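**Q** Right, I'll just put the structure down here and ask away after.
Residue numbers (our numbering), protein chains in the order written: chain U, 1139 to 1218; chain L, 1139 to 1218.
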């Protein structure tokens, strides 16, 4: 099973990478682009077969390592 | 409309960040974790209302700025 974790900055937290992309797109002549935010996506191959157990495990990974929960939100999806 | 762009390393391209996460998870005692890959997710607010036109525009952004197509793949999704 594969877990896909999205880690994004919480609303209100400054995102300099997103701002840099926004300005670069503007410089390249792309119109109509509003706010840009950049986050991370982490794909994990898991041996687990039980999805509920896997969700508990991956949530634990997010809390301990993958996300800084002071400034970041995370979401977890699974594919087989 | 919001465009969500996933940028991931192509298969076979070395991913040191993913490897670092893999080792850190192992060090924290998480079992059954196979390969870990890390990518980027970029969320763009767009003024466009036509999804086909937006897809063309965002594809152009990916080719010119958001992804290094030599070593990275990208995929584009939309939410309203």
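Beta carbons: idealized from backbone N, C-alpha and C, even for Gly. Quantities reported herein were computed from a predicted structural model and do not represent experimental measurements.
Taking 8 Å as the threshold (beta carbon to beta carbon), is residue 1208 of chain L in contact with chain U?
**A** It does not; no Cβ of chain U falls within 8 Å.
**Q** Ignore the nearest five residues each way along the sequence and tell me which others in residue 1183 of chain U's own chain have a CB closer than 7 Å to its CB.
**A** Excluding positions up to five away in sequence, the list reads 1140.
**Q** Would you check if the region 1161-1181 of chain L and the region 1168-1179 of chain U touch, i.e. whether three or more CB-CB distances between them fall below 8 Å?
**A** Yes, the region 1168-1179 of chain U is in contact with the region 1161-1181 of chain L.
**Q** Strictly under 8 Å for the Cβ-Cβ distance: is residue 1174 of chain U near chain L by that measure?
**A** Answer yes: the Cβ-Cβ gap between residue 1174 of chain U and chain L drops below 8 Å somewhere.
**Q** Are the CB atoms of residue 1201 of chain L and residue 1148 of chain L nearer to each other than 8 Å?
**A** No, these two residues do not count as a Cβ contact at 8 Å.
**Q** What separation, rounded to the nearest whole angstrom, lies between the Cα atoms of residue 1167 of chain U and residue 1142 of chain U?
**A** Looking at the two C-alpha atoms, the distance is approximately 33 Å.
**Q** At a CB-CB cut-off below 9 Å, which residues of chain U make contact with residue 1185 of chain L?
**A** Near residue 1185 of chain L (Cβ distances below 9 Å), the residues of chain U are 1169, 1170, 1171, 1172.
**Q** With distances taken between CB atoms, is the gap from residue 1203 of chain L to residue 1158 of chain U smaller than 8 Å?
**A** Their beta carbons are not under 8 Å apart, which means residue 1203 of chain L does not touch residue 1158 of chain U by this criterion.
**Q** Within 8 Å of any Cβ in chain U, is that where the Cβ of residue 1177 of chain L sits?
**A** Yes, its Cβ sits closer than 8 Å to a Cβ of chain U.
**Q** With which residues is residue 1144 of chain U paired in a DSSP beta bridge?
**A** U:1179, U:1213.
**Q** Would you verify that the beta carbon of residue 1144 of chain U is, or is not, closer than 8 Å to some beta carbon of chain L?
**A** Output row for residue 1144 of chain U: interface = yes.
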